[in-house]
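Engineer:
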Amino acid sequence: MAVTKPVWTPSSWRSYPALHQPEWPAEERAEVARARLASVPPLVFAGEARQLRAALAQIVEGRAFLLQAGDCAESFHDLSAIHIREKLKILLQMAAVLTYGATLPVVKVGRIAGQLAKARTSPTESVAGVEVPSFRGHMVHDDVPTAEARIPDPDRMVQAYHHATATLNLLRAFTKGGFADLMRVHEWNQEFVASSPEGRRYEQFASEIERALRFMAACGIDLSAESQLHQVDVWTSHEGLVLDYEEALTRRDSTTGDWYDCSAHMLWIGERTRQPDGAHVEFFSGVHNPLGLKVGPTATPDEVVELCKTHLPEMHRGAFDDPRSEIRHEDARAYLERTGDRFDFITVDLVEPLEEGPACMLFTQEFYTLVRDRLTPGGTMTMQAGMTKLGELAFFTSIHRTLREVFPVVAAYQSFISCFGTPWGFILASKKVDPGRQDAQAVDRLAAERLTGSLEYWDGVTHQHAFSLPRFIRKAIAKQTRIVTDANPLIVV
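Numbering-wise, my numbering comes out as the position in the sequence shown, counting from 1, plus 19.
1) Pull up the distance between the alpha-carbon of T23 and that of S256, whole angstroms please.
2) For V503 versus E374, is the C-beta spacing smaller than 8 Å?
3) Report all residues from its chain with a CB closer than 8 Å to the CB of L86; omit the five preceding and five following residues, and keep chain order.
4) Should the region 352-366 be regarded as contacting the region 320-335, the criterion being three or more beta carbon pairs within less than 8 Å?
5) Run through DSSP, which three-state label would P442 get?
6) Just tell me which of K137, A378 and T194 has its CA closest to the CA of K108.
7) State the start and end residues of the unbroken alpha helix (DSSP H) segment that holds S256.
8) In this structure, does DSSP put I288 in helix, strand or coil?
9) Can you give me the Cβ contacts of D516 inside the same chain, cut-off strictly under 8 Å, excluding the 5 residues immediately before and after it?
10) In whole angstroms, what separates the C-alpha of L62 from that of E258?
11) Run through DSSP, which three-state label would T401 get?
12) Is S273 helix, strand or coil by DSSP?
13) Just the Cα atoms here: how many angstroms apart are A68 and M158?
14) Spatial neighbours of H484 within its chain, please: CB distance less than 8 Å, with the 5 preceding and 5 following residues excluded, ordered by chain position.
15) So which of S145, V177, L201 and G218 has the shortest CA-CA distance to D14?
16) Taking the beta strand (DSSP E) that E229 falls in, what are its first and last residues?
17) Could you round the C-beta distance between Y387 and V425 to whole angstroms and report it? I think they count as a contact, below 8 Å.
18) Within 10 Å of its beta-carbon, does P44 have 16 or more other beta-carbons around it, so buried, or fewer, so exposed?
19) Mind listing, in chain order, the continuous alpha helix (DSSP H) runs of no fewer than 4 residues lying wholly within the region 43-115?
20) Across the region 286-296 and the region 161-180, are there enough close Cβ pairs to call them in contact, namely three or more that are closer than 8 Å?
21) Beta strand (DSSP E) containing E374: first to last residue?
22) Within its chain, find whatever has a CB closer than 7 Å to the CB of H39; leave out the 5 residues flanking it on each side and keep chain order.
23) Quick one: give me the first and last residue of the alpha helix (DSSP H) that V429 is part of.
24) Relative to the C-alpha of Q77, which candidate in T184, H482 and G440 has its C-alpha closest?
25) Using the three-state DSSP reduction, which class does E411 fall into: helix, strand or coil?
26) From the DSSP output, in three-state form, read off E266 for me.
27) Along the chain, where does the beta strand (DSSP E) that runs through E144 open and close?
28) For the beta strand (DSSP E) that V126 lies in, which residues bound it at each end?
29) Less than 8 Å separating the beta-carbons of H284 and L312?
30) Buried or exposed: which applies to N308, given that a residue is buried once 16 or more other Cβ atoms fall within 10 Å of its Cβ?
31) State buried or exposed for D280, treating a residue as buried only when at least 16 other CB atoms are found within 10 Å of its CB.
32) Please identify the residue among E227, V390 and I103 whose C-alpha is closest to the C-alpha of H182.
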């Protein structure tokens, strides 16, 4: 997601340190290649990238499943209809199984039509005892292990464009021209796995899908008129590594005025190029494609926060810039034990307390007592408290009972969380303020005084009704006697 700065341009990344970029031996040839790419038609269109973003939003809401698959690195040697068809077969197989098993639509993203460059940890590698420059992908140079073949060649960026164009043409022909027809689900099985246990299991899935389709036809449904059964969308993605290539294929959308990197529908910043002050983060901060970011074990919390500031503005809405905000990455309980600070509000948003996990000691009476003692006299804490559906209330009610041992005011509410697929409980605990006694006008007035902008979900009317729990939840709360302690922690198994 872009956060386009007033000074951002497709070339503004050139003022930042750019790692893992080819060192073209002749700048004049590189400029000719860049100019050629800037003049060619885009590989994908802005409207398609927006369609993918909308599909990814369905995934976030729990209404779809993401399948991303493809090569670690594509090769100029593998450009053939058979090779691309076989890759697509695998993708379609996996998608069919996931759709049937999860009963959810599957958003299919191929790591294809652009994954032609590689970041390498070492600038050289040893091949048959001879040290040569590391192979960095066919977009940069040849794979023949000689010093001469490994000299970066900017003309290969243009070759990469034509490789991606041919691949995309075939993908579109296969996915829209009948090959992806669900009626052909048996034909997607790969010959080399068809006789294996996995292949036989796939055949079982395929037979069940075929039977379901026959049932629909017997019910009078005209399957030939259902286009989603006969064609699919497969979106393209690759790591945006060679910035000369990505910049040259960036276009301004004529309908919105926004910039899109038209080399692929989705791109990502790799583990080796995700420096918050680096050229890749700067470049992708200005394009509106769906973006990914690889975050591995070497990432620090501070780096991740900085990347979120850049790429998730709609989520944090300037909260990181509030002078009252201070980001800390440490043991929360240890911090509260030693600090003398007092807080108006503490929110506890945790993973589930798994056995031997670090969160177990943050769901206990002792921890809640510590939180209470660090609140101001009118202070409040709130927390996620697990599922609130019938038959799954033990976690929620145990927390509620434990908090009542510590706080004079405990109030709970629930909301259906679409990405969880279930109603979810939240609990507010306070030394003094009872949210159930606040009228709608008072809540709206406080929100207007203390917040910049408006809230999309919560207002006075929502607040007034939120704390009225269904009868079965109230009964379960009344029956619960368990108090969670350090010695007897709450553990999810």
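Ideal Cβ placement from N, Cα and C applies to all residues, glycine included. No experiment lies behind these values; they were computed from the predicted model shown.
Structural biologist: The short version:
1) Taking the sequence shown and counting its residues from 1, one reaches residue 23 at position 4. Taking the sequence shown and counting its residues from 1, one reaches residue 256 at position 237. Here the model assigns T23 a pLDDT of 49, short of 50, so the residue's position is not dependable, and the following value carries that caveat. Between T23 and S256, the C-alpha separation is close to 21 Å.
2) In the sequence shown, counting from the first residue as 1, residue 503 sits at position 484. In the sequence shown, counting from the first residue as 1, residue 374 sits at position 355. Contact flag unset, no.
3) Here residue 86 corresponds to residue number 67 of the sequence shown, with the count starting at 1. Taken in chain order, the residues that qualify are L110, M113, A114, L117, V125, V126, K127 and V128.
4) No, the region 352-366 does not touch the region 320-335.
5) One-based indexing of the sequence shown puts residue 442 at position 423. DSSP places P442 in the strand class (E or B) of the three-state scheme.
6) Residue 108 sits at position 89 when you count from the first residue of the sequence shown. Of K137, A378 and T194, the residue nearest in Cα terms is T194.
7) By 1-based counting over the sequence shown, the position of residue 256 is 237. First-last for S256: V253 to E258, but that is the beta strand (DSSP E), not the alpha helix (DSSP H).
8) Numbered from its first residue, the sequence shown carries residue 288 at position 269. Here DSSP, grouped into helix, strand and coil, assigns I288 to strand.
9) Past the edges of the chain, shown from 20 to 512, lies residue 516, and the structure says nothing about it.
10) Locating residue 62 in the sequence shown gives position 43, counting from the first residue. Locating residue 258 in the sequence shown gives position 239, counting from the first residue. Whole-angstrom Cα-Cα distance: 15 Å.
11) The residue labelled residue 401 in the question sits at position 382 within the sequence shown. Reduced to three states, the DSSP call for T401 is strand.
12) Translated into the one-based positions of the sequence shown, residue 273 becomes position 254. In the three-state reduction of the DSSP assignment, S273 falls in the coil class, being assigned neither a helical nor a strand state.
13) Counting from one through the sequence shown, the residue named residue 68 turns up at place 49. Counting from one through the sequence shown, the residue named residue 158 turns up at place 139. C-alpha separation (whole angstroms): 23 Å.
14) The sequence position of residue 484 within the sequence shown is 465, counting from 1. For H484, there are no CB contacts under 8 Å within the same chain when 5 residues up- and downstream are skipped.
15) Since the first and last residues shown for the chain are 20 and 512, residue 14 lies out of range.
16) Position 210 of the sequence shown, counted from the first residue, corresponds to residue 229. Note, E229: premise wrong, no beta strand (DSSP E); alpha helix (DSSP H) at P216 to A237.
17) The residue you call residue 387 lines up with position 368 of the sequence shown. The residue you call residue 425 lines up with position 406 of the sequence shown. Yes, Y387 and V425 are in contact; Cβ-Cβ is about 4 Å, under 8 Å.
18) Position 25 of the sequence shown, counted from the start, is the residue given in the question as residue 44. Per the 10 Å Cβ criterion, exposed.
19) Segments of the alpha helix (DSSP H) lying fully in the region 43-115: 46-58 and 65-79.
20) By the criterion of at least three beta-carbon pairs nearer than 8 Å, the region 286-296 is not in contact with the region 161-180.
21) The count along the sequence shown starts at 1 and reaches residue 374 at position 355. Where E374 is concerned, there is no enclosing beta strand (DSSP E), given that its DSSP letter is neither H nor E.
22) On the sequence shown, residue 39 is found 20 positions in, with the first residue counted as 1. If we look at H39 and ignore the five residues flanking it on each side, its Cβ neighbours are A138, L260, R291 and T292.
23) On the sequence shown, position 410 is the one that residue 429 refers to. Annotation: V429 is outside any alpha helix (DSSP H); the continuous beta strand (DSSP E) that includes it extends over V428 to I436.
24) As a position in the sequence shown, residue 77 is number 58, starting the count at 1. Considering only alpha carbons, the answer is G440.
25) Residue 411 sits at position 392 when you count from the first residue of the sequence shown. E411: coil per DSSP, three-state reduction.
26) Locating residue 266 in the sequence shown gives position 247, where the first residue counts as 1. The three-state secondary structure of E266, taken from DSSP, is helix.
27) Start at 1 with the first residue of the sequence shown, and residue 144 comes out as number 125. Going by DSSP, E144 is part of the beta strand (DSSP E) stretching over T143 to V146.
28) Within the sequence shown, numbered from 1, the residue matching residue 126 stands at position 107. From DSSP, the beta strand (DSSP E) with V126 extends over V125 to R130.
29) If you number the sequence shown from 1, residue 284 lands on position 265. If you number the sequence shown from 1, residue 312 lands on position 293. It is not a contact, given that the beta carbons lie outside the stated cut-off.
30) As a working mapping, residue 308 is identified with position 289 in the sequence shown. Using a 10 angstroms sphere on the CB of N308, the tally of other CB atoms reaches 16 or more, which defines it as buried.
31) On the sequence shown, residue 280 is found 261 positions in, with the first residue counted as 1. Buried: at least 16 other Cβ atoms inside 10 Å.
32) Residue numbering aside, residue 182 sits at position 163 when the sequence shown is read from its first letter. Closest by alpha carbon: I103.
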